[in-house]
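>
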Amino acid sequence: MLSWMIFSPLIGMAAILAMPRNRPDIVRWAAVITTAVPLALGVMVFSQFDRSTAAMQFVEQVSWIAPFNIEYYVGIDGLSVPMVLLTVLLSFICIFASWNIENGVKGYFAMFLLLESAMLGVFCALDFFLFFVFWEVMLLPMYFLIGIWGGANKVYAATKFFLYTLAGSVLMLLVMLGMYFTTEPHTFSLLQLANLHPFSTMTMDLFGWQLPMDKVFFVGLFIGFAIKVPIWPFHTWLPWAHVEAPTAVSVILAGVLLKMGTYGILRISYPILPSATLWAADAMAILGVISILYGAFCAMAQKDLKKLVAYSSVSHMGYVILGMASLTTAGVNGAVLQMFNHGTSTAMLFLLVGVIYDRAHHRWIVKPDGSRGFGGIAPVVPVYTGVMAIAVFASLGLPGLSGFISEALVFLGAFSVPRFQMYVIIGSLGIVLGAAYLLWMFMRVFLGPLNEEWSGLTDMNWRERFTLIPLTILVVVLGVYPMPVLKLMGTTVAKLLTSLT
Amino acid sequence: MVQNCIWIFSLPLIAFVLQASLGKKLPRQGDFISVIALLGSFLLALPIFLQVVSTGNISEAMSFTWISLPLPIPDSFLTSHPGISSPTFNLDIGILLNNPTAIMLGMVTFCCFLIHLFSTGYMKGEDRYHMFFAYISLFSAAMLGLVVSDNLFTFFMCWEVMGVCSYALIGFYYKKPSAINASIKAFMTTRVGDTCFFLGLMGLYIVFGTSNFSEIYQGLQGGFAEGKTILGVSALSFIGFMIMMGTIGKSAQFPLQIWLPDAMEGPTPVSALIHAATMVSGGVFLLIRTFPILEAGHVLPIIAYVGAITAFLAAMVAVVQTDIKKVLAYSTISQLGYMVMGIGVGAFAAAFLHLITHALFKACLFLCSGSVIHAVHTQDMREMGALRTKMPLTFISMLIATLAISGVPFFSGFVSKDRILGGALAYGMEHQVHALIPILGFAAALLTAFYMFRLIYMTFCGPAKDEHKHTHAHEMPWNMVLPTLLLSGLSLSIWFAGPTGIHGLDPFEVHWFDNAVAAAQTQAGIALHHGDEHIAHSAHGIALVLSLILATAGILLATFTYLKHLISADAWKSRLAPLYNVLVHKYYFDELYINVIIQRGLLVWNNLLARFDDRVVDRILVDGWKDISMGIKAFIGKFDDLVVDRIFVDGTGYVTAAGGWILRRFQTGRVQQYVILSLIGFTVAFICLVAGPK
Amino acid sequence: MSFLDWATGLHGYLFVGTILATLGIIAVVYRRNSIGVLLGIELLLNAASINFISFSKFRTAAIDGQIFALFIIIIAAAEAAVALAIILRLYRLRETIDAGEANLMRN
Amino acid sequence: MNGEIVQNLKLLSPELVLVFFLVVLFTVDSIWEQTRKNFVPLALVFAACLLGTIATCWVSKLAPTVFFSGLVANDSFSAFFRYVFLFSCAAGTYLAFGSKELEKQNRMEFSLLIVCVTFGMCLMAISTHLLMLYIGIETVSILSFVMAGFKSEDLRASEASFKYFIFGAFASALMLYGFSLIYGLTGSLQYGEIAQYVQANLGNMPYLLPLSLILVYSGLAYKISAFPMHFWTPDVYEGSPTPVASFFSVGPKAAGFAAILRFFLDILSYDAASGSWKAIGGEQLVSVVAIISAITMTVGNLSAIGQNSVKRMLAYSSIAHVGYMLMGILTLDTFGLGAILFYIIAYCAMNFGAFWVVSIVADLKGSDRLDAFRGLGWSMPVLGVTMVIFLASLAGIPMFSGFIGKMLIFGAIVKTPGLLWLAVLGVLNSVVSLYYYAKILRELWLEGREPGNPSELSIYHGVALVGLAIPTVVLGLWFAPVIHFVERSIATIL
């Protein structure tokens with residue numbers, strides 16, 4: 001079933017590539033159908049997933065490259081399921097958000113489907129090699145999606161994204177190889193590595209210094225994942241990539257790709273390098289707090305709507321890191337929940353920014369010359385304003401909407417670790433700042449006297465509403481009752497934490 | 001009964017959903033839905049309230065698990081202890097229905113209902129009429145949810161939702177820049193407090209593992225918090241302080257009081273409901289709920305000072321305000337200061353009572369002022385006057401409420417305020433270092449009477465200053481008058497203590513409140529330290545006399561100045577010009593916060609950081625790549641621009657660029673030079689090979 | 001061991017070889033004229049040949065060193081033929097055989 | 001005796017096939033002049049390669065031996081490289097015949113040269129004797145000089161061939177000098193005997209052996225263009241005709257690797273089990289090789305960044321790839337050396353492919369500058385997509401064979417203690433390389449469509465590009481059989 005889910009987009013991609021170039025509508029509907037398949041499978045996974053066990057489920061294991069013991073080994077547990085669901089949902093939605101792509105429709109959707117396939121692969125892979133392959137396969141479609149269909153600085157942004165993420169993943173490659181060769185028998189299986197984890201007693205030599213192996217591995221992996229998350233100071237690709245990417249790609253980027261970093265830490269670093277995890281927890285917490293504040297401060301200074309949302313992602317992913325670093329039940333569950341919730345709420349924000357960009361062809365809050373980019377458009381586009389308000393409030397952590405409970409759990413978890421309490425207190429400034437930049441943006445764009453230039457804006461059409469309705473429902477429902485998602489991950493997180501202590 | 005509580009807050013919530021989604025298409029934009037929902041809530045709350053009045057005790061609770069997360073337990077443990085199911089981390093939520101809940105329910109549903117009713121008249125014809133009702137219904141739901149919460153977690157959630165409603169309603173006239181500025185200011189200021197509150201809440205979970213009130217009370221009695229610390233201070237002090245910060249934000253206490261006056265940009269019913277009767281007193285209710293923690297954490301003196309300072313400072317500012325709603329806003333801050341001070345000095349019951357009485361008479365005052373504004377279409381008192389004849393019913397309601405707030409016997413405010421002052425005085429007498437607290441309290445009492453009567457006189461008495469506006473003024477329709485009359489009726493002391501409100505003089509006394517609160521204290525395990533009974537008794541006597549004198553003095557002073565014009569306000573204004581300026585500028589708090597901290601501090605810092613992010617962090621990796629052929633030349637050319645970034649210039653980008661540039665210098669195209677370079681390379685390799693360490 | 005012994009023994013030959021090699025390298029590096037460079041290379045080859053022959057004579061009984069020297073001569077001839085052709089063509093196209101001027105492709 | 005010669009000649013049959021076809025080509029050339037312009041030589045070269053491959057298949061089944069009095073060896077290592085050479089010969093010829101650059105030249109002559117060079121490369125790979133090695137190297141070198149200047153009236157080509165000659169002749173002269181020293185030291189020219197002598201006299205030759213080794217290395221490093229003999233590479237590649245440059249970047253390089261591996265492993269390594277260099281005492285040699293590989297890849301990558309000419313950029317990138325491959329030597333075990341062989345296979349396909357695209361573009365636009373590529377992805381999708389595959393593979397992105405090659409190389413480094421720094425440097429280098437590869441991708445796809453002149457990719461080129469892209473992808477996803485193959489190949493010389 002997982003293989004069907006992972007590879008059905010690839011089949012769709014092949015089909016799309018075979019379609020005539022001059023019939024974009026057929027291509028679009030083919031993409032819809034193709035993404036609907038993983039979505040349906042995702043729903044089946046959700047219903048059939050056994051929440052009471054931390055073991056891998058829906059496992060498929062086939063030998064792939066026998067000489068190196070590389071396997072095609074996929075399966076999901078409580079950590080993967082929320083991410084898989086997020087991926088299939090957002091991918092489906094993004095097809096609709098990409099409807100107005102006019103140039104190179106075939107290529108666009110083909111790349112998009114390849115991307116979906118790779119993302120699902122990353123979340124399902126249980127073999128490090130397989131994981132790495134999927135992880136890297138994402139680079140190319142992403143590069144082209146940003147670079148071909150992006151905005152004014154697309155080339156620069158795409159190149160930057162490409163280099164940055166590659167730089168991260170090559171370190172991961174080294175660690176992967178290091179792990180492979182240090183374990184006996186040599187293996188890439190994540191589960192087997194987690195069972196053996198022999199690295200804490202080993203050392204490795206660098207110019208004569210004997211470095212503890214597990215810590216070196218942890219740092220290597222962490223940098224790789226941190227670039228993806230992105231954690232300060234590895235974040236500078238993100239504003240560019242987000243801003244220049246087309247709407248749907250921004251959504252995928254912020255909604256799914258960023259989570260891969262944190263997912264990777266939880267899936268690989270934590271179980272395989274437990275002692276290094278404990279060692280690094282403090283540093284992670286500090287980086288998380290810096291990300292929270294740094295992202296928030298930078299967001300507040302932005303004049304570009306999309307850049308603001310982009311920086312807000314830095315800030316919000318900081319919470320995830322903080323929660324993960326706490327190594328407590330509440331903290332880690334909160335972090336995973338925050339991964340999911342940030343996926344939905346930030347996807348909403350990006351979709352909404354895309355909606356207005358489609359109409360106005362700019363997204364300045366304040367134009368570079370200092371005049372108002374928008375202003376007072378709330379009465380012109382009431383539905384849009386309403387949905388934006390929900391997204392904004394979800395994002396700033398309003399109780400009753402999804403962002404709150406995950407942030408609360410994160411803080412709860414981190415605060416219960418005595419040495420993190422100061423970090424939490426500093427980090428809680430992020431809550432205030434989060435409200436500040438989002439509401440300030442909301443005020444400058446939607447409220448106040450109407451900027452006559454935009455009195456002719458049209459409200460969201462049905463396609464756009466269709467993309468946002470499912471997310472809005474999720475944001476509200478999970479804000480009121482987050483257990484459906486928490487239940488998925490609870491057992492797995494408990495097992496993960498057990499293995500860490 | 002406890003099941004009814006669910007409906008009490010669910011009805012407005014349902015009304016919100018209906019209004020927000022369908023409101024526009026319904027007849028009358030669906031305002032009746034909200035009104036009926038609130039009427040329903042009130043009718044459901046009434047029996048609960050009456051039970052407290054009649055029996056003096058109600059205690060019911062229900063709770064269920066909201067979030068449950070499995071805790072990490074080694075499998076070996078579970079297998080070796082077969083009977084044990086795996087433990088979980090739980091967040092339980094539920095409803096606690098005890099005496100304070102019941103009293104608050106009565107007050108809140110009543111006020112909410114009346115103000116909904118009033119709004120049907122006041123907001124008639126406004127743009128986004130249905131959204132207004134949606135917001136206040138949501139607000140009511142949140143406030144009621146807060147009241148019935150049995151734990152601080154849902155309490156906090158409701159608290160935040162109220163904040164958002166407040167934000168939306170202050171900025172209801174969102175085309176007015178002042179309104180949206182005020183709304184964001186309100187939200188952000190309270191958010192600062194809320195965040196602290198949230199940290200306190202986290203602290204509670206650490207110490208007690210729960211935020212359920214009953215369990216916390218038990219835990220406190222069981223000495224759970226003994227020896228626990230957060231960041232080196234006693235955990236309870238930390239939690240208490242943080243919770244107090246929450247109150248300071250929400251109840252607009254010093255030093256976060258700045259938002260409330262601006263919040264008057266919202267429609268007047270909103271001011272009455274949210275910024276007078278309910279939400280702002282939610283902060284005080286929080287202190288009441290967590291009183292045992294505050295006491296055990298030794299933060300009460302701080303709270304007392306905060307309250308006293310707020311009460312006095314706000315009252316001072318109220319004296320110079322000319323906007324009718326601003327006067328009331330400062331008055332609200334001042335009165336909230338009283339309540340906080342009351343909590344601080346241990347006058348728990350008095351503070352709670354003042355919460356209730358204040359809610360009623362201040363709601364009345366605001367609604368009346370709303371009627372006035374509606375009638376004359378201005379908020380500036382200097383353009384009003386002589387409205388007494390035009391709007392007699394409004395005048396009477398407002399007068400009653402004014403007498404109540406001024407602390408005149410026979411009216412409710414007297415009872416509660418007198419008790420708070422008594423408590424404060426007793427506290428001051430017992431701890432003489434804290435003498436400032438009662439002094440500020442009494443000074444505020446004088447000022448209260450003065451500025452309230454100043455308001456009455458400027459609005460209703462004297463000659464009409466603006467003939468045009470005066471002639472068009474008229475009495476309001478029934479749906480606006482009825483609420484004011486009902487609320488003013490409840491501002492009589494007879495409902496709370498006795499006809500006169502003076503302890504010992506009343507022919508018959510009403511004890512339901514005292515009984516209820518006493519029972520509540522027992523439930524919460526509050527054993528109030530009453531200090532010296534003797535001092536307390538004499539203090540209450542002195543306070544009674546003093547407050548009577550001060551109230552009279554204030555009223556008289558106002559009469560002489562603004563009715564009889566024996567004293568020239570303008571003369572005093574110029575005589576005390578420096579003070580006047582300070583007051584008009586509200587002690588320059590806004591300037592401090594907005595100009596200095598936000599504009600000069602935060603925003604500058606943000607821009608700096610963003611630029612840093614763009615220029616430096618980014619260019620470590622980027623610029624070098626970007627235009628490599630320029631390489632070193634570019635680097636030198638840009639050097640001046642980037643002097644700040646020097647440290648980072650060594651970053652990979654430049655190194656790579658420069659490295660490439662340098663390496664390509666070797667590639668001269670002359671083959672003989674290549675040969676030389678190769679020979680050099682080999683020589684070096686040979687030396688390494690031979691001379692390297694064995 | 002007298003100087004004559006030294007000079008007519010292995011070391012003498014090696015000494016000559018070394019000097020030839022050095023001169024060859026210097027010629028390759030410093031001659032501007034391409035033909036001169038070519039000659040430098042030939043000197044280097046000859047140095048190697050001398051080494052081979054002397055080693056063959058003094059160190060081993062086998063003649064494989066001398067065979068090698070023969071091969072060197074043959075290959076050097078082939079090399080020189082090609083080299084001269086290249087230099088000739090370069091001269092035709094550019095009218096100079098200065099080795100340093102051939103720097104059209106660089107950096 | 002006679003029987004032995006016949007037996008030995010049988011083992012040399014792949015080379016004999018080439019020689020036979022050389023004769024055939026000569027004959028055809030002399031009797032049928034039109035063949036200088038048509039595709040008959042191509043067919044003959046293909047036939048040579050095909051028959052050569054079959055012969056290689058056949059001889060590789062036989063037991064490994066060293067024959068002709070220890071001059072040459074027949075083992076699966078030889079067979080591996082023969083396959084590579086024959087493939088690059090066929091591919092290079094095919095490319096040359098499709099290129100406009102060589103349209104006016106004598107195709108028959110070109111075929112003769114390339115077959116002869118292939119013959120020389122085979123000799124390099126199979127020789128176990130210094131003389132044989134020298135003859136092989138010179139065969140390749142001298143003919144390469146001619147090939148580099150094959151565009152006779154072109155000044156750049158002439159300069160390229162001039163530089164190639166000076167540098168090459170100098171390098172081989174140095175190598176020859178090294179040979180003479182080795183001969184003097186050990187009294188033998190045969191690898192096995194040299195090795196025995198070295199083993200018997202460990203530590204007795206503190207200066208001369210290293211010196212002679214370095215001199216020998218100079219000749220071989222020039223072939224693979226490793227530091228410090230890499231300087232000629234960009235200039236020569238840039239000046240030579242593109243098909244020739246692409247052939248240079250694959251064939252002679254592989255031959256150089258074959259010679260290096262055989263020579264150094266035979267002479268210096270006796271203890272494959274412990275994987276250490278016995279002859280001149282361990283550590284320094286490892287460090288020197290490590291430093292050489294580090295410098296090689298860094299120089300290659302950093303210099304490539306600023307290039308505007310794609311051909312020159314690929315020349316530098318080929319230097320960098322040599323740096324990666326050299327890392328595999330350090331481990332001295334089946335894994336690391338097998339990784340080199342795998343890398344060579346992957347490199348063959350992807351580098352040929354990349355050069356091929358450059359050649360097509362250069363023919364189309366008359367320039368190999370970056371801006372000549374602008375928007376070509378849109379007008380020629382097959383070219384665009386396959387170029388993405390080749391470049392991604394060169395950059396080492398998964399799904400493509402280049403990644404597997406790199407992974408194996410880095411794996412070898414990672415599992416060798418004390419070389420962490422080299423591994424980190426290596427991966428950082430591959431990030432740098434991505435930057436300049438991405439510049440080509442950018443021009444191909446990102447910089448918007450070229451208005452007008454929709455160009456068609458001829459089937460001739462399309463077949464080749466797809467044919468090279470398929471192994472690049474397949475080897476990236478399914479490489480287990482190849483792993484077996486290279487490990488078998490390398491095992492025979494360890």
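Protein chains in written order, with my numbering: chain A, 1 to 501; chain B, 1 to 694; chain C, 1 to 107; chain D, 1 to 494.
The C-beta atom is built at its ideal place from N, Cα and C for all residues, glycine as well.
(1) Tell me, please, which residues DSSP counts as bridged to Tyr73 of chain A.
(2) When we look at the beta-carbon of Val493 of chain A and count the other beta-carbons within 10 Å, is it buried (16 or more) or exposed?
(3) Looking only at its own chain, which residues have a Cβ that is under 8 Å from the Cβ of Asn353 of chain B, when we skip the five neighbours before and after it?
(4) What is the DSSP secondary structure of Met317 of chain A, reduced to helix, strand or coil?
(5) Span of the beta strand (DSSP E) holding Thr502 of chain A?
(6) Starting from the beta carbon of Arg106 of chain C, find every residue of chain B whose beta carbon is closer than 9 Å, and list them in chain order.
(7) Quick one: list the residues of chain C neighbouring Ile676 of chain B, beta-carbon separation under 7 Å, in chain order.
(8) Please report the straight-line C-alpha distance between Leu434 of chain D and Lys100 of chain D, rounded to a whole angstrom.
(9) Looking at C-beta atoms only, is the number of pairs between the segment 425-438 of chain A and the segment 357-364 of chain A that lie closer than 8 Å three or more?
(10) Between Phe589 of chain B and Ile274 of chain B, what straight-line distance do the alpha-carbon atoms span, to the nearest angstrom?
(11) Output the distance between the C-alpha atoms of Lys626 of chain B and Gly306 of chain D, rounded to the nearest integer angstrom.
(12) Given this structure, state the Cα-to-Cα distance separating Pro14 of chain D from Ser249 of chain D, to the nearest angstrom.
(13) Can you list the alpha helix (DSSP H) stretches of 4 or more residues lying completely in the segment 398-483 of chain D, in chain order?
(14) Under a Cβ-count criterion, where at least 16 other Cβ atoms within 10 Å of its own Cβ denotes burial, should Val584 of chain B be classed as buried or exposed?
(15) Is any beta-carbon of chain A found at less than 7 Å from that of Val192 of chain B?
(16) Count the other CB atoms, across all protein chains shown, that sit within 10 Å of the CB of Ile324 of chain B; report buried if there are 16 or more and exposed otherwise.
(17) List the residues of chain A that Asn212 of chain B touches, going by C-beta distances under 8 Å, in chain order.
(18) Determine the chain A residues that contact His321 of chain D at a beta-carbon separation under 7 Å, and present them in chain order.
(19) Would you kindly check if the distance between the Cβ of Ile483 of chain D and the Cβ of Pro67 of chain A is under 7 Å?
(20) Leaving out the 5 sequence neighbours to the left and right, which residues in its chain are closer than 6 Å to Leu138 of chain B when beta-carbon positions are compared?
(21) Name, please, each residue of chain A whose Cβ falls closer than 8 Å to the Cβ of Asn607 of chain B.
(22) Sort C:Val82, C:Ile67 and C:Ala102 by Cα distance to Leu143 of chain D and report the nearest one.
(23) Pull the bridge partners of Pro212 of chain A from the DSSP assignment, please.
Walking through what the data contain:
(1) In DSSP, Tyr73 of chain A forms a bridge with A:Gln61.
(2) The residue in question, Val493 of chain A, is buried, as its Cβ has 16 or more Cβ neighbours within 10 Å.
(3) The amino acid at residue 353 of chain B is misidentified as Asn; the sequence shows Leu. Only Val415, Ser416, Arg419, Phe496, Phe513 and Val517 meet the Cβ criterion.
(4) Taken through DSSP and simplified to helix, strand or coil, Met317 of chain A comes out as helix.
(5) The displayed coordinates of chain A run from 1 to 501. Any statement about residue 502 of chain A would go beyond what the structure contains.
(6) Simply Arg664, Gln667, Thr668, Gly669 and Arg670.
(7) Under a criterion of Cβ atoms nearer than 7 Å, the residues of chain C adjacent to Ile676 of chain B are, in order, Val29.
(8) Approximately 30 Å, taken between the alpha carbons.
(9) Contact between the segment 425-438 of chain A and the segment 357-364 of chain A is absent: fewer than 3 CB-CB pairs across the two stretches fall below 8 Å.
(10) Using only the alpha carbons, I get a separation of about 23 Å.
(11) Legend: pLDDT at Lys626 of chain B = 41, less than 50; position of this residue unreliable, no value from coordinates given.
(12) Going by the C-alpha atoms only, they are around 23 Å apart.
(13) For the segment 398-483 of chain D, whole alpha helix (DSSP H) runs of length 4 or above, ordered along the chain, are 401-414, 420-441 and 459-477.
(14) Classification of Val584 of chain B: exposed, given that the 10 Å Cβ count is below 16.
(15) Output row for Val192 of chain B: interface = yes.
(16) So Ile324 of chain B ends up on the buried side.
(17) Near Asn212 of chain B there are no residues of chain A at all, since even the closest Cβ is about 15 Å away, more than 8 Å.
(18) Residues of chain A passing the Cβ test: none, with the nearest at roughly 16 Å.
(19) Cβ atoms of Pro67 of chain A and Ile483 of chain D: closer than 7 Å.
(20) Cβ neighbours of Leu138 of chain B beyond the five flanking positions: Phe16 and Cys165.
(21) Identification of chain A residues near Asn607 of chain B by a Cβ-Cβ cut-off of 8 Å yields Ala301, ordered along the chain.
(22) Selected option, being the one with the closest Cα: C:Val82.
(23) By DSSP's assignment, Pro212 of chain A forms a beta bridge with A:Thr203.
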